[in-house]
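Peer 1: These protein sequence lines are chains B and P, in that order. FYI, in UniProt numbering the residues of the first sequence are 1 to 264. FYI, in UniProt numbering the residues of the second sequence are 1 to 264. We put the CB at the ideal spot given by N, CA and C, even for glycine.
There are 2 protein chains.
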Amino acid sequence: MARGKSQTQRSRSYESDDHERGACEWCEYALVITLATILLIGVSALTVFWVFYYREGYAWADDLPDKQFNLHPTLMVAGFITFSGFSVLLYRICRCFRRIYVKLLHAIFHALAFPCIVIGFLAVLDYHNKKGINNFYSLHSWIGFVAMGLFGIQYAVGFFSFLLLLICNKGTAGFRASLVPIHAAFGILTFVLGVCACLTGLTEKALFSIGVERYSGMVDEGIIINAIGVACIAILAVVMYILSRNKFRTPESRGQHIRASVDL
Amino acid sequence: MARGKSQTQRSRSYESDDHERGACEWCEYALVITLATILLIGVSALTVFWVFYYREGYAWADDLPDKQFNLHPTLMVAGFITFSGFSVLLYRICRCFRRIYVKLLHAIFHALAFPCIVIGFLAVLDYHNKKGINNFYSLHSWIGFVAMGLFGIQYAVGFFSFLLLLICNKGTAGFRASLVPIHAAFGILTFVLGVCACLTGLTEKALFSIGVERYSGMVDEGIIINAIGVACIAILAVVMYILSRNKFRTPESRGQHIRASVDL
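(1) Assuming contact is defined by CB atoms lying nearer than 8 Å, are P/A111 and P/L163 in contact in what I supplied?
(2) State yes or no: is the beta carbon of B/W26 nearer than 8 Å to at least one beta carbon in chain P?
(3) Can the beta-carbon of B/Y29 be found less than 8 Å from the beta-carbon of B/F248?
(4) For B/S138 and chain P, any beta-carbon pair shorter than 8 Å?
(5) Relative to the C-alpha of B/A227, which candidate in B/C198, B/E213, B/L243 and B/D126 has its C-alpha closest?
(6) 8 Å is my cut-off, CB to CB: does P/M1 come that close to chain B?
(7) Considering only residues of the same chain and omitting the five flanking positions on each side of P/R92, which have a CB-CB separation below 6 Å?
(8) I'd like to check one pair, P/A234 with P/L89: are the Cβ atoms closer than 8 Å?
(9) Looking only at its own chain, which residues have a Cβ that is under 6 Å from the Cβ of B/A113, when we skip the five neighbours before and after it?
(10) Quick one: give me the first and last residue of the alpha helix (DSSP H) that P/K103 is part of.
(11) Hey, would you say B/Y207 sits closer than 8 Å to P/G229, going by beta carbons?
(12) From B/G211 to B/E204, what does the alpha carbon distance come to, in whole angstroms?
(13) Taking 8 Å as the CB-CB cut-off, is B/T47 touching chain P?
(14) Please look up how many angstroms separate the CB atoms of B/L31 and B/V238, rounded, as I've assumed it's under 8 Å.
(15) Select from the stretch 216 to 235 of chain B all residues with a C-beta closer than 8 Å to any C-beta belonging to chain P, and list them in chain order.
(16) Any Cβ of chain P within less than 8 Å of the Cβ of B/L199?
(17) Evaluate the contact criterion for the stretch 172 to 191 of chain B versus the stretch 139 to 159 of chain B: three or more CB pairs, one atom per stretch, below 8 Å.
(18) Quick one, which residues of the stretch 237 to 253 of chain B are near chain P if we go by CB-CB under 8 Å, in chain order?
(19) Output yes if chain B places a C-beta closer than 8 Å to the C-beta of P/S261; else output no.
(20) For the stretch 172 to 188 of chain B, enumerate the residues whose C-beta is nearer than 8 Å to any C-beta of chain P, in chain order.
(21) Alpha carbon to alpha carbon, what distance is there between P/R214 and B/D126?
(22) Return helix, strand or coil for B/G211, following the three-state DSSP convention.
(23) Is there at least one Cβ from chain B nearer than 8 Å to P/L264's Cβ?
(24) Taking the CB atoms as reference points, tell me whether P/L71 and P/A123 lie closer together than 8 Å.
(25) Enumerate in chain order the residues of its own chain whose CB-to-CB distance from P/I224 is below 6 Å, with the five nearest sequence positions on each side excluded.
(26) Got a sec? Which residues, its chain only, sit under 6 Å from B/S261 by beta carbon, not counting five neighbours each side?
(27) Taking the alpha helix (DSSP H) that B/R92 falls in, what are its first and last residues?
(28) Assign B/S87 to buried or exposed, taking buried as 16 or more other Cβ atoms, counted over all protein chains shown, within 10 Å of its Cβ.
(29) Classify P/R3 as buried or exposed, calling it buried when 16 or more other Cβ atoms lie within 10 Å of its own Cβ.
(30) Taking 8 Å as the CB-CB limit, is P/V32 close to chain B?
(31) Quick one: is P/E56 near chain B, going by C-beta distance under 8 Å?
(32) What's the C-alpha gap between B/R245 and P/D62?
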């Protein structure tokens, strides 16, 4: 009884809190969401620019393996960083949407990331086979392999649990609720692994394609590759900041978060 | 009045909650803390093993630049991963200590990391100068530079704010409390940057020292270097998991955390 009272009071406190949201808080929210959007689109745009300006664009042909390889960094950055990043942030961006629409958008953005990652992976696998290079020897490939595996498992679990199980909405509510923090934690881990894979991949690519002599001479292409890496890290920092700010949650999930803390 | 009542009730709920802490929760806590400890010590031990077994140990002499370079990965892993990792986790490991002792231990572990990072940096700077290699051209060096800068600023701010300002305990309480989340957020960012720097550095080292031919042939040294990288990522995942678990906080800071959430 006392507990029910305290909960009512708490939810009332959120409402008034929501109405009194200060200009400063909105400015901060708008600023970091805008920054994240610019970085997430910018990193893919910069990668495409790099490939067209310095690496002669794209192809998928037996006699043009290097152009085929170019699909790998572009699609992996798009899949693991841009689409996955937006997908993660949707729960903070679409705060006034109904939850089911946000979930669907989350699934759609991951559905866009999925072919990027699969084609990006096949592009480098086929490139290695054409050139007679071994697969899965480097730290980059190990990280990428785990990231892809986690992405696949997360997608399957998410699709099954949070969309398909809605057929039996009430019966599965407890199971779905208990799965949310696990799905979120592994989702963030996948994103972090994606960023780590990009950073090690960019380091490899700079040394393989530019060569240590020219790279250490600070040629323009080296700076562009470094800038892509810096953008990946900036995205990781901004995304983690947005996710850690309780103020940026929807009032509903903020309430759940606090209740979860109180109910420990 | 009602609010005071609800807070009393909440703090009572923590107490009973704390007493009833289940065996399962303690097992989880003990397991992840043990895992983190093994990984944090293991990654440094593995780096030392790698250097002695494959890279001929350490030196600081003009005629042995390669042995001097070996100080760089060893000290950076020790400083940015092992000591910093333990320092971050102290607030979850020493839950029954008085807060001031935890703070002092946190400062001491960072004080151990400090010379590691400085000497590790000077080792590679001197190595580059001896060999006539440019400095700060690679993505690894850019990430490392930012990580070192943040580490220095964090150390100075932390030492000044959380230890020196205790001279005027009451007068600075508000300022110190408001600084805690900023210091914690930038601390985690520094740790993530440290891990990213290690991963890109290991990739560079594998390609420079083993060479792409032997590295792609899966030689033992390549696997050891990859294992150091995997350990770094595992540490990042375990540390982030421990920090995200509200249950692992001290009851005191857990209360502060929840009050901060409720008071938004």
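Peer 2: So, from the data block:
(1) Not closer than 8 Å, so no.
(2) At a cut-off of 8 Å between C-beta atoms, B/W26 does not count as an interface residue with respect to chain P.
(3) Yes, they are a contact pair.
(4) Chain P contact via Cβ: present.
(5) Looking at the Cα atoms, B/C198 is the closest of the given residues.
(6) Note that P/M1 scores 41 on pLDDT, short of 50, meaning its location in the model is unreliable; the coordinates nonetheless yield the value given after this. For P/M1, the answer is no, since every Cβ of chain B falls outside 8 Å of its Cβ.
(7) Result list for P/R92: I242 and F248, in chain order.
(8) Against a cut-off of 8 Å, the Cβ pair of P/A234 and P/L89 comes out as no contact.
(9) Within its own chain, the residues whose Cβ lies closer than 6 Å to the Cβ of B/A113, once the five positions on either side in sequence are excluded, are G79, F83 and S84, listed in chain order.
(10) Boundaries of the alpha helix (DSSP H) around P/K103: R99 to K131.
(11) Looking at the sequence itself, residue 207 of chain B is Leu, so the reference to Tyr does not match. In this structure, P/G229 does not lie closer than 8 Å to B/L207 by Cβ.
(12) For B/G211 and B/E204, the gap between their C-alpha atoms comes out near 10 Å.
(13) Chain P has no Cβ within less than 8 Å of the Cβ of B/T47.
(14) Between B/L31 and B/V238 the beta-carbon gap is near 10 Å, outside 8 Å, which marks them as no contact.
(15) Flagged, chain order: S216, G217, M218, G222, I225, N226, G229, V230 and I233.
(16) Yes, B/L199 lies at the interface with chain P (some Cβ there is under 8 Å from its Cβ).
(17) As far as the Cβ criterion goes, the stretch 172 to 191 of chain B touches the stretch 139 to 159 of chain B, which means the pair count is three or higher.
(18) Within the stretch 237 to 253 of chain B, the residues whose Cβ lies closer than 8 Å to some Cβ of chain P are A237, M240, Y241, S244, N246 and K247, listed in chain order.
(19) For P/S261, the predicted model reports a pLDDT of 41, less than 50, meaning its position is unreliable; a value from the coordinates is still stated below. Output row for P/S261: interface = yes.
(20) Within the stretch 172 to 188 of chain B, the qualifying residues are A185 and I188.
(21) Our two residues, B/D126 and P/R214, have alpha carbons roughly 21 Å apart in a direct line.
(22) Of the three classes helix, strand and coil, the one that applies to B/G211 here is coil, per DSSP.
(23) Confidence at P/L264 is low in this model, with a pLDDT of 29, below 50, so the placement of that residue should be treated as unreliable; the coordinate-derived value is given next. It does: the Cβ of P/L264 has a partner Cβ on chain B nearer than 8 Å.
(24) Cβ distance < 8 Å, so P/L71 and P/A123 count as in contact.
(25) These residues qualify, in order along the chain: W50.
(26) Reliability fails at B/S261, whose pLDDT of 41 lies under 50, so the model's placement of it is uncertain and the value that follows must be treated cautiously. Contacts found: none.
(27) Run containing B/R92: S84 to I93, per the alpha helix (DSSP H) assignment.
(28) Flag for B/S87 reads buried.
(29) Summary for P/R3: the model assigns pLDDT 49, below 50, so the residue's position carries little reliability; its value from the coordinates is reported in the next sentence. Exposed is the call here.
(30) Judged by the 8 Å Cβ criterion, P/V32 is not in contact with chain B.
(31) Answer no: the Cβ-Cβ gap between P/E56 and chain B never drops below 8 Å.
(32) Near 50 Å, if we compare the C-alpha coordinates of P/D62 and B/R245.
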